[in-house]
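Participant: Pasting a structure here, questions to come.
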Amino acid sequence: MLNVFVRKSAEELHVELSDGRMMPLEDLVRDYERLLNEESLKKVTTSEPKADSQAVSKLKVGEWFRIDREVIDKSKEEIRLKCNEAGDEGKAYWRRFEASNKIADENLNQYPRLIETYIFEHSWYYKTEQEMRDMCEKVGEGMCDEIICDLELQMRICNGESAIDLFKKADKLPHVRVIKLRNGGTGYFGGGAPYNYDHPPADLNSNGFGPANMYYGSTPYAFRRLLS
Numbered sequence: 085m086l087n088v089f090v091r092k093s094a095e096e097l098h099v100e101l102s103d104g105r106m107m108p109l110e111d112l113v114r115d116y117e118r119l120l121n122e123e124s125l126k127k128v129t130t131s132e133p134k135a136d137s138q139a140v141s142k143l144k145v146g147e148w149f150r151i152d153r154e155v156i157d158k159s160k161e162e163i164r165l166k167c168n169e170a171g172d173e174g175k176a177y178w179r180r181f182e183a184s185n186k187i188a189d190e191n192l193n194q195y196p197r198l199i200e201t202y203i204f205e206h207s208w209y210y211k212t213e214q215e216m217r218d219m220c221e222k223v224g225e226g227m228c229d230e231i232i233c234d235l236e237l238q239m240r241i242c243n244g245e246s247a248i249d250l251f252k253k254a255d256k257l258p259h260v261r262v263i264k265l266r267n268g269g270t271g272y273f274g275g276g277a278p279y280n281y282d283h284p285p286a287d288l289n290s291n292g293f294g295p296a297n298m299y300y301g302s303t304p305y306a307f308r309r310l311l312s
């Protein structure tokens, strides 16, 4: 076997390269370490998301879901077209979204550019309406209202969900979400898969607020504001 290491002096060990050149081993090791560092830096850089990219999230029980109103604003035409694909019902939802977006734009202190929502895991026999509102204030800034629900639906369309699934098909989430309407009343949003309610995710119903009213199969829907 060819010995590529050649001692040129008592202090310096040289290596013969494939092209016949002689190079100090110390310089070769230094160059090799530099190349390794450059490759490691490339891997870190390429694995990081771009500054303007938005990680796509899916609405799940027990996890915070991010609503980015900047993304919604830039995708309004796409949202409108997808709503139209759901026929007259979808067009009606688009008109509802436009009205909610207008309210959100006029009340930026209530509906900032970034919002996160949270669906509680149902782990109780029953909760009263007041208890549900208290739960939402403990984890965030209170219960979601109908405007935040409409923003959530639009964000889900931006994230790739079908308007037809959201407007016409039964919700896959296990429980109807209880919300606080802007007028102070109580709303019921989507959910109910285990109970065969067949409500689509966008389904929204309303009632008056009864602090002592007990709910056995529903869960609170909370939100928190984020600094953009």
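85 is the number of the first residue of the sequence shown in this note's numbering; add one for each residue after it. All C-beta atoms in this analysis are idealised placements derived from N, C-alpha and C, irrespective of residue type, glycine included.
Please list, in chain order, all residues of the same chain as Trp148 whose beta carbon is under 6 Å from its beta carbon, the five residues on each side excluded.
Facilitator: Start at 1 with the first residue of the sequence shown, and residue 148 comes out as number 64. Counting only Cβ-Cβ distances below 6 Å, and skipping sequence neighbours, we find Glu200, Tyr202.
Participant: Which residues mark the beginning and the end of the beta strand (DSSP E) in which Ser290 is found?
Facilitator: As a position in the sequence shown, residue 290 is number 206, starting the count at 1. From DSSP, the beta strand (DSSP E) with Ser290 extends over 288–291.
Participant: Which of the three DSSP states, helix, strand or coil, is assigned to Pro278?
Facilitator: Taking the sequence shown and counting its residues from 1, the one referred to as residue 278 is at position 194. Pro278 falls in the helix class under three-state DSSP.
Participant: Would you give the residue range spanned by the beta strand (DSSP E) that Arg150 belongs to?
Facilitator: In the sequence shown, the residue the question calls residue 150 occupies position 66. Start and end: 148–152.
Participant: Mapping the DSSP letters down to three states, classify Tyr272 as helix, strand or coil.
Facilitator: Numbered from its first residue, the sequence shown carries residue 272 at position 188. In the structure shown, Tyr272 sits in a strand (DSSP, three-state: E or B).
Participant: Could you check what DSSP says for Lys264 in three-state terms: helix, strand or coil?
Facilitator: Taking the first residue of the sequence shown as position 1, residue 264 is located at position 180. Note: Lys264 maps to strand in three-state DSSP.
Participant: I'd like to know if the stretch 267–276 and the stretch 181–198 are in contact, where contact means that at least 3 CB-CB pairs between them fall below 8 Å.
Facilitator: The answer is no - the stretch 181–198 does not touch the stretch 267–276, with fewer than three Cβ pairs under 8 Å.
Participant: Work out the CA separation of Glu236 and Lys126 for me, nearest whole Å.
Facilitator: Position 42 of the sequence shown, counting from 1, holds the residue named residue 126. Position 152 of the sequence shown, counting from 1, holds the residue named residue 236. Caution applies to Lys126, whose pLDDT of 40 falls short of 50 and renders its modelled position unreliable; the value that the coordinates give is listed next. About 36 Å.
Participant: Taking all protein chains shown into account, decide if Ala176 is buried (16 or more other Cβ within 10 angstroms of its Cβ) or exposed.
Facilitator: For the purposes of this step, residue 176 is identified with residue 92 of the sequence shown, where counting begins at 1. Result: exposed.
Participant: Are the beta-carbon atoms of Leu288 and Cys233 separated by less than 9 Å?
Facilitator: Residue numbering aside, residue 288 sits at position 204 when the sequence shown is read from its first letter. Residue numbering aside, residue 233 sits at position 149 when the sequence shown is read from its first letter. Against a cut-off of 9 Å, the Cβ pair of Cys233 and Leu288 comes out as a contact.
Participant: For the stretch 282–301 against the stretch 255–272, are there 3 or more C-beta pairs whose distance is under 8 Å?
Facilitator: Touching, per the Cβ criterion.
Participant: Which residue wins for smallest C-alpha separation from Phe293, given the options Gly244, Arg308, Met227?
Facilitator: The residue given as residue 293 occupies position 209 in the sequence shown. Per the Cα distances, Met227.
Participant: Among the residues of its own chain, which have a CB less than 8 Å from the CB of Phe307, if the five just before and after it don't count?
Facilitator: Position 223 of the sequence shown, counted from the start, is the residue given in the question as residue 307. Around Phe307: Ile199, Glu200, Thr201, Tyr202, Cys220, Gly224, Glu225, Gly226, Met227, Cys228, Ile232.
Participant: Helix, strand or coil: which one does DSSP assign to Phe307?
Facilitator: Stepping through the sequence shown from its first residue, residue 307 is reached at position 223. Three-state result, Phe307: strand.
Participant: Examine the ligand SAM and report whether any of its heavy atoms sits within less than 8 Å of the Cβ of Asp218.
Facilitator: You won't find the ligand SAM in this model; it holds no ligand whatsoever.
Participant: Are the CB atoms of Thr212 and Pro285 nearer to each other than 9 Å?
Facilitator: As a working note, residue 212 is residue 128 in the sequence shown. As a working note, residue 285 is residue 201 in the sequence shown. No, the Cβ-Cβ distance between Thr212 and Pro285 is not below 9 Å.
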